[in-house]
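Enquirer:
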Amino acid sequence: MPVRPALAAVLGGAALLTLAAAPAHAAAPVHAAGPARIAVPVHAVPVHAAPGESVTVDTVGRLAADGTVTLTGTYRCTGNTGPVFVTSALSQRDPRVKHGIGGTVARCDGTTHTWSNSGQVSGETLMPGTAHVQATVMELRPVGLVPLPVFHATADQDVTLVQG
């Protein structure tokens, strides 16, 4: 079997397994937000964390003159076997459209650490003011040939974007 079809089959199977094993709140309807955007749950994800794990989002985010957004917060995680990341997504006008804002490599040693993600969005001009952020501590756990996502903690937070 050629490599590309085999890889596609493996990744497709992993995606199906991930959906089947996802928590109930992740099974919400999704909205495809147009080209070059990722389908995301329409409903807000409640704060969720495994015991002894957490993620927070600071209530103020920075918006630079060039459109770069910087979001910050804290996280705590334990018990990983694969690489772990703190990811963040931001929405401002339409809550169904979320923009990924960077990603930070996480250290899961049981202590609280800070995270900071920066990035620019496409297709929308962000303005100072109210926005909504979702942060997630996600591990890519090795399972067979394909690492599968394991969510250690998620949090939703309304923030104020300030110029600067």
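When the sequence shown is numbered by numbering that gives the first Met the number 0, its final residue is 163 and no position is left out of the sequence of numbers.
Even glycine gets a Cβ: it sits at the ideal position worked out from N, Cα and C.
1) Taking the straight line between their C-alpha atoms, what separation do you get for A32 and P94?
2) Considering R61, what are the terminal residues of the beta strand (DSSP E) in which it resides?
3) To the nearest whole angstrom, what separates the beta carbons of N79 and E138, a pair I think is in contact under 8 Å?
4) Between which two residues does the beta strand (DSSP E) carrying V132 extend?
5) Taking buried to mean at least 16 other C-beta atoms within 10 Å of its own C-beta, is V39 buried or exposed?
6) Can you check whether the CB of V149 is closer than 8 Å to the CB of C76?
7) Using the rule of at least 16 other Cβ atoms within 10 Å of the residue's Cβ for burial, across every protein chain shown, is T153 buried or exposed?
8) According to DSSP, simplified to helix, strand and coil, what is A105?
9) Verify whether the separation of the beta carbon atoms of V83 and S90 is less than 8 Å.
10) Could you tell me how far apart the beta carbons of V59 and V142 are, in whole angstroms, since I believe they sit closer than 8 Å?
11) Can you list, in chain order, the residues of its chain with a C-beta nearer than 7 Å to that of T182? Leave out the 5 residues immediately preceding and following it.
12) Determine which residues share a DSSP beta bridge with P146 and list them.
13) If you follow the beta strand (DSSP E) that S121 is part of, which residue opens it and which one closes it?
14) Name the DSSP beta bridge partners of Q91, please?
Expert: Result, derived from the coordinates:
1) Here the model assigns A32 a pLDDT of 38, short of 50, so the residue's position is not dependable and the matter cannot be decided.
2) V59 to L62
3) Confirmed, Cβ separation roughly 5 Å.
4) G128 to V142
5) With a pLDDT of 36 at V39, under the threshold of 50, the modelled position of that residue is not reliable, and no figure is offered here.
6) no
7) buried
8) coil
9) Cβ distance not < 8 Å, so V83 and S90 don't count as in contact.
10) 38 Å between Cβ atoms; not a contact.
11) This structure gives no information on residue 182, because the portion of the chain shown stretches from 0 to 163.
12) P141
13) Segment: none, S121 is in no beta strand (DSSP E) and carries neither H nor E.
14) DSSP output for Q91 lists no bridge partner at all.
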